[in-house]
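Asks: According to the numbering used here, the sequence shown is numbered sequentially starting from 184.
Positions of the beta carbon are idealized from the N, C-alpha and C atoms, including for glycine.
The structure displayed is predicted, hence computed values, not measured ones.
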Amino acid sequence: MNDPIQQMIQAKTVLAPMAGVTDVPFRMLMRRFGCKFAFTEMIDVNGVIYNNRKTFRLMERLPGDAPLGIQLVGRDEDKFSRVAAYCVEKGYRVIDINAGCPARKVVSPGKGVSLMRAPAVLSRIVRRLVRELGVPVTVKMRSGWNEEEKNYMEVAEAVQDAGASAVCVHARTKEQMYKGRADHRITAEMKRNLRIPVFASGNLMSPRDVKDVLDLTGCDGVFIARGCLGRPWIFSQTNRMLRGMEPIDPPGFEDIKEIMLEHFQLASEYFESSRLFPRMYKHVAWYFKGHKNLDPVMRSYRQVDSLDGLRRFVESVKVGERNRLEVSGGFPAQGTI
Ligand SMILES: Cc1cc2nc3c(=O)[nH]c(=O)nc-3n(C[C@H](O)[C@H](O)[C@H](O)COP(=O)(O)O)c2cc1C
């Protein structure tokens, strides 16, 4: 089975693009937990055109990191065309267009969710890429700009007519950003009315959420985003649930610490040590989320600057009474980090 869209449908749970998160080590960890299809984070076409070193770094991949789609963000049709051709040359087999990012620096130059206010521009980009590339082109969009401007059907039909192979809808408006509940009645309506596969995004925080959204909407698969932050096992647990297998308990605190160390190991092979520990800060907070007293623990983490120190930090963190985190053993005062 080489058709990437079929691979996405078969996978059912796809790792969503997440800027600053879905880098190489993160994707490798998710794959270890059963993620079968992943996307890079959004790559700005300008970064490629202007030879930005950081952008090229975001486009890297390892051999085991497949199948993998790449998401591009931009506005200019010619730039999309040049950059997408380069991506195909580099081996990417799905090009996704970002029509959902609500961040100001993306929206003001007319990129991301702004493309939903310009369906003709978006369709022209899709049509051009479909004509030139010979690989599937998909679009990740939102429900609309705000409550009064929910033009998801118009946009989805336009990109379908332009030749898009699938759409993913984050069922929130631009104004909602990441707050409030995603309205998956929208996803269901899109699934009923479109000919191309529809993927759902929004509030998929547990295997149960995934199953409910698949059942409610009849969609072809889901994109997992915040649901896997600090919780990569959501993929294996969801795969089990969708196969009708008995659920297994989520990992306990000591197991989570081991998973975190595994993540650090992967990240240390990829990031130089001066960047490793600041880069992993948010992940540490996500692994420890749900416990009280996180602040002092994260203050201790800030003092970690070696893998050895990290190991001692991790060993020193325990869960005490009433779910409170404690840093024991005098970390880091007695250490030599
Ligand atoms: C930290 C972060 C970064 C994100 N970056 C991107 C991105 O680069 N491209 C994109 O299409 N969506 C991006 N998203 C949106 C997610 O892919 C997803 O659609 C959204 O989080 C809704 O799903 P959730 O409620 O299950 O988290 C990002 C979300 C988060 C939390």
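Taking 7 Å as the cut-off, is the beta-carbon of F263 closer than that to any non-hydrogen atom of ligand 1?
Replies: Checking every heavy atom of ligand 1 against the Cβ of F263, none is found closer than 7 Å.
Asks: Three or more beta-carbon pairs under 8 Å between the segment 422-433 and the segment 390-397, yes or no?
Replies: Result yes; three or more Cβ-Cβ pairs closer than 8 Å.
Asks: Report yes or no: do three or more beta-carbon pairs, one from the segment 318-326 and one from the segment 269-287, lie closer than 8 Å?
Replies: Yes, they touch.
Asks: For a test of the three-state rule: what should DSSP assign to A521, helix, strand or coil?
Replies: In the structure displayed, the chain extends from 184 to 520; residue 521 sits before or after that span and is not available.
Asks: Go ahead and pull the three-state DSSP assignment for S326.
Replies: Correct three-state label for S326: strand.
Asks: Three or more C-beta pairs closer than 8 Å, one from the segment 284-299 and one from the segment 231-244: is that the case here?
Replies: Contact between the segment 284-299 and the segment 231-244 is absent, because fewer than three Cβ pairs lie under 8 Å.
Asks: Given P433, which residues of its chain have a CB within under 8 Å of its CB, disregarding the five upstream and five downstream residues?
Replies: If we look at P433 and ignore the five residues flanking it on each side, its Cβ neighbours are R414, W416, Q420.
Asks: Please identify the residue among F418, L412, A383 whose C-alpha is closest to the C-alpha of F406.
Replies: Ranking the options by Cα distance to F406, first place goes to A383.
Asks: Nearest to F263 by CA position, among K501, N229, N476, is which residue?
Replies: The candidate whose alpha carbon is nearest that of F263 is N229.
Asks: Between the segment 440-455 and the segment 193-202, do at least 3 Cβ pairs fall closer than 8 Å?
Replies: No: fewer than three Cβ pairs fall under 8 Å.
Asks: Run the proximity test for Y464: is its beta-carbon closer than 7 Å to any non-hydrogen atom belonging to ligand 1?
Replies: Checking every heavy atom of ligand 1 against the Cβ of Y464, none is found closer than 7 Å.
Asks: Would you list the one or two residues that DSSP bridges to E509?
Replies: For E509, which the question treats as bridged, DSSP gives the partners K501.
Asks: When DSSP labels each residue in this structure, what does G404 get in the three-state scheme?
Replies: Strand at G404.
Asks: Hey, V480 and L508 are a contact pair by Cβ (cut 8 Å); roughly how many whole angstroms apart?
Replies: Correct: roughly 5 Å between the Cβ atoms.
Asks: For the beta strand (DSSP E) containing S489, list its first residue and its last residue.
Replies: No beta strand (DSSP E) contains S489, which DSSP labels as neither H nor E.
Asks: Residues in the same chain with beta-carbon distance under 8 Å from Q189, minus the five sequence neighbours each way, listed in chain order, please.
Replies: Nothing listed; no residue qualifies.
Asks: Are there 16 or more other CB atoms within 10 angstroms of the CB of P380, so buried, or fewer, so exposed?
Replies: P380 should be labelled buried.
Asks: Buried or exposed: which applies to K323, given that a residue is buried once 16 or more other Cβ atoms fall within 10 Å of its Cβ?
Replies: Its Cβ being crowded by 16 or more others within 10 Å, K323 is buried.
Asks: Determine the burial state of P430: buried for a count of at least 16 other Cβ atoms within 10 Å of its Cβ, exposed for fewer.
Replies: P430 is exposed by the Cβ-count criterion.
Asks: Against chain D, with Cβ distances strictly below 8 Å, would V231 count as a contact?
Replies: Given the protein chain composition of this structure (a single chain), no chain D is represented.
Asks: Rounded to whole angstroms, how far is the Cβ of V266 from the Cβ of V289, which I believe are closer than 8 Å?
Replies: That belief does not hold up - the Cβ atoms of V266 and V289 are roughly 16 Å apart, past 8 Å.
Asks: Taking 7 Å as the limit between beta carbons, can you name the residues of its chain near L459, skipping five residues before and five after?
Replies: Here the set comprises A450, S451.
Asks: Terminal residues of the continuous alpha helix (DSSP H) containing G230?
Replies: Taken as a continuous stretch (DSSP letters only), the alpha helix (DSSP H) holding G230 covers 228-232.
Asks: What are the boundary residues of the alpha helix (DSSP H) that S306 is part of?
Replies: Start and end: 302-316.
Asks: Thinking C-beta only, is R258 closer than 8 Å to P285?
Replies: Going by C-beta atoms, P285 is not nearer than 8 Å to R258.
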